[in-house]
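The sequence shown runs 190 to 751 under this note's numbering.
Note that CB positions come from ideal geometry on N, CA and C, so glycine has one too.
Working notes, structure below.
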Amino acid sequence: MTTKKQIKSDLQIAQEATIKPIKEIAEQLDILEAELEPYGHYKAKLSLSVMERLHTKQDGKVILVTAINPTPAGEGKSTVTVGLAQALHRLGKKAIVAMREPSLGPVMGIKGGAAGGGYAQVLPMEDINLHFTGDLHAITTANNALAAILDNHIHQGNELRIDTRKITWKRVVDLNDRALRQVVIGLGGPMQGVPREDGFDITVASEIMAIFCLASDLQDLKRRLASIVVAYNMDNEPVTVADLGAQGALTLLLKDAIKPNLVQTLEHTPALIHGGPFANIAHGCNSVIATKMAAKLGDYVVTEAGFGADLGAEKFLNIKARMADIKPETVVIVATIRALKMHGGVPKERLNEENIEALEAGIENLEKHIETIQAFGVPYVVAVNRFVTDSKGEVEALINWCTSKNVPVALTEVWEKGGEGGVMLAEKLLEVMNETESQFSPLYDVSASIPEKVEAIAKTVYGAKGVDFAPKALKQIQQFEANGWDHLPICMAKTQYSLSDDQTKLGRPTDFKITVREFRPSLGAGFLVALTGSIMTMPGLPKKPAALNMDIDENGHALGIF
190 MTTKKQIKSD LQIAQEATIK PIKEIAEQLD ILEAELEPYG HYKAKLSLSV MERLHTKQDG
250 KVILVTAINP TPAGEGKSTV TVGLAQALHR LGKKAIVAMR EPSLGPVMGI KGGAAGGGYA
310 QVLPMEDINL HFTGDLHAIT TANNALAAIL DNHIHQGNEL RIDTRKITWK RVVDLNDRAL
370 RQVVIGLGGP MQGVPREDGF DITVASEIMA IFCLASDLQD LKRRLASIVV AYNMDNEPVT
430 VADLGAQGAL TLLLKDAIKP NLVQTLEHTP ALIHGGPFAN IAHGCNSVIA TKMAAKLGDY
490 VVTEAGFGAD LGAEKFLNIK ARMADIKPET VVIVATIRAL KMHGGVPKER LNEENIEALE
550 AGIENLEKHI ETIQAFGVPY VVAVNRFVTD SKGEVEALIN WCTSKNVPVA LTEVWEKGGE
610 GGVMLAEKLL EVMNETESQF SPLYDVSASI PEKVEAIAKT VYGAKGVDFA PKALKQIQQF
670 EANGWDHLPI CMAKTQYSLS DDQTKLGRPT DFKITVREFR PSLGAGFLVA LTGSIMTMPG
730 LPKKPAALNM DIDENGHALG IF
């Protein structure tokens, strides 16, 4: 009788790993001692002076990792990102990971962390998934300091004549807390402030997070913060942070957070983890500073963007790459047989059963994401992230489909085998990069009208037949045009589970329209947010949050973090 091999949790694997002092990781990248600011033994911040010292150095190649539309079956995009960098490292390439920081909302909720998994993780895993170096706390504090300054201005006489019915700035907290979506503040009499309706977003939905991740340096950060629209006055004119005079204080609160965080993978490949906007309600990419610094320090930068290519990759390519003058060399599209079967109609509880017919039906979701990346002119490789439950027949069916369509593909087993399991993917990626030059170009010109830009995304990326704009959205378009804001890129807030704005429509839906219910100006970030469907900027907790499984032992070791 054979005993079933016990599968270790991500936390067990991370706690058993050998981790090097962060100084040794910095030495791999030729970082000077004065440029390294250690936070304990295994993590550090890097001074922005690195960019000044290396400004003439040629940039490394940027590789973007994206995926099909996520399902509860899991895709492992962050895991493949880490594993691919480890594989390139094994092949003798100077590779660096550039990833987002996890939010405590999903960590304590249901989605999980963002540190990879199995033998393709970034370490120290517990620190990264919890408070890390305090960046998200700094962003929360800056956001709420602005809210306090705004309400104090109104309480102290309201010199700017702010219309309290038209305040757009919300407070934030880095947790999933649906009870805070709509609140009333200022109750208790004249000494307690001016009563008004308010609400909370999750920290990663704050415009300050978006600004933090798109700023090129400290002065650019300050300039962008000054441009934030917080309210409208009695004449319906925008009121900004500059009007309140708060940009200096907010920048001061972020002066340390703006420095990228250096850590390592399980195989000691350097990793920069910095910033963490969600891709369904924000732009879904790590900081420009970290990505560009990684490109100066390494020859290959493996970075990721949240959720599927319809969200994170679209925003990386239309917003981040455009603003930061980044030219991605290749894109990796992660797909799992389990998720494709769900897109083909198989319920989660039956995913362990072989079902080639459902797999082939679900492949249409992968096909649409391939078409999206092709529309941007960037070469790509499909990474089949293999699970132990995938049958040989299913793997062959997916590989054969890719081969028949001349789609570059590689089987990937980084969760189980670390960098070794990503060597095939790394070799295929290098082959594609050598054979095909990137012709990257954003999908639309920023000078196009707001409806034209939204329709370009909806039709080309989602496969929609058109866009319906709610009356409120149409009115806002007129207002934004009058204010001169119509020249900005569009950041779509949309469900991650479907190409449409209806999360129940899996696979590749057809004959549908996207409905934009309202817009929100993010002038500091430099884009307009279009809210579709029922997307929430403050998530709620599930019936049994992941937090209920977490604990700490008598030696101070974390328990139950995935």
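When the alpha-carbon of R360 is set against those of A550, V596, G607 and T392, the nearest one is in T392. Here A586 has I545, L548 and E549 as same chain residues with Cβ atoms under 7 angstroms from its own Cβ, once five neighbours each way along the sequence are excluded. Looking at the DSSP output, G655 bridges to K702. Of all alpha-carbon atoms in V570, M423, A510 and V577, the one lying nearest the alpha-carbon of P631 is that of A510. Here W674 has P710, L712 and L717 as same chain residues with Cβ atoms under 8 angstroms from its own Cβ, once five neighbours each way along the sequence are excluded.
Taking 7 angstroms as the cut-off, the beta carbon of A719 is found closer than this to the beta carbon of I679.
Along the region 490–571, the alpha helix (DSSP H) occurs as fully enclosed runs of 4 or more residues at 510–513, 526–532 and 545–564, listed in sequence order. Per the DSSP secondary-structure output, M681 pairs in a beta bridge with A719. Between the beta-carbon of P459 and that of Q217 there is about 6 angstroms, and that keeps the pair under the 8 angstroms contact cut. With a minimum length of 4 residues, the unbroken runs of alpha helix (DSSP H) contained wholly in the region 280–319 fall at 293–297 and 314–318.
Spanning the alpha carbons of D366 and N333 requires a straight line of approximately 16 angstroms.
Beyond the five residues adjoining it in sequence on each side, E583 comes within less than 7 angstroms, by CB distance, of I526, E543, I545 and L548 in the same chain, given in chain order.
The beta carbon of L730 is closer than 6 angstroms to those of G298 and N365 in its chain, skipping five residues each way along the sequence. Sequence-distant partners of T726 (beyond 5 residues in either direction) whose C-beta falls short of 6 angstroms from its own C-beta, in its chain, are D390, A394 and I470.
The C-beta separation of I257 from A524 comes to about 5 angstroms, placing the pair in contact by the 8 angstroms criterion. The DSSP-derived three-state label of R385 is strand.
Between the alpha carbons of E641 and T721 lies a distance of about 16 angstroms. Relative to E707, the option among P660, L677 and G696 whose CA is nearest is P660. In this structure A276 is buried. Its beta-carbon is surrounded by 16 or more other beta-carbon atoms within 10 angstroms.
Q275 sits in a helix when the DSSP states are folded into three classes.
Shown here, Q668 sits in a helix according to DSSP, grouped into three states. The distance from the Cβ of I214 to that of A483 is about 13 angstroms, inconsistent with a contact at the 8 angstroms cut-off.
Taking all protein chains in view, the Cβ of I741 is surrounded by fewer than 16 other Cβ atoms within 10 Å, so the residue is classified as exposed. Distance from the CA of G611 to the CA of D657, rounded to the nearest whole angstrom, comes to 43 angstroms.
When the Cα atoms are used, L439 and N672 turn out to be separated by approximately 25 angstroms.
Taking V573 as reference, the option from K485, E620, I522 and D352 with the minimal CA-CA separation is I522. For K250, the enclosing beta strand (DSSP E) has its first and last residue at K250 to A256. Taken through DSSP and simplified to helix, strand or coil, T601 comes out as strand. Cβ neighbours of T684 within its own chain (closer than 7 angstroms, five residues either side excluded): N469, D690, Q692, G722 and I724.
Going by DSSP, P640 is part of the alpha helix (DSSP H) stretching over I639 to I646. Here I338 carries a helix assignment [DSSP, helix/strand/coil]. Taken in chain order, the unbroken stretches of alpha helix (DSSP H) that lie wholly in the region 371–456 and span 4 residues or more are 396–403, 407–415, 430–433 and 436–442. For A215, the enclosing alpha helix (DSSP H) has its first and last residue at I211 to Q217. Membership of R242 in the alpha helix (DSSP H) is indicated by the continuous run S238 to R242. Comparing C-alpha distances from E241 to each of V254, Q436, L221 and G229 shows the shortest one belongs to L221. For L587, the enclosing alpha helix (DSSP H) starts and ends at K581 to S593.
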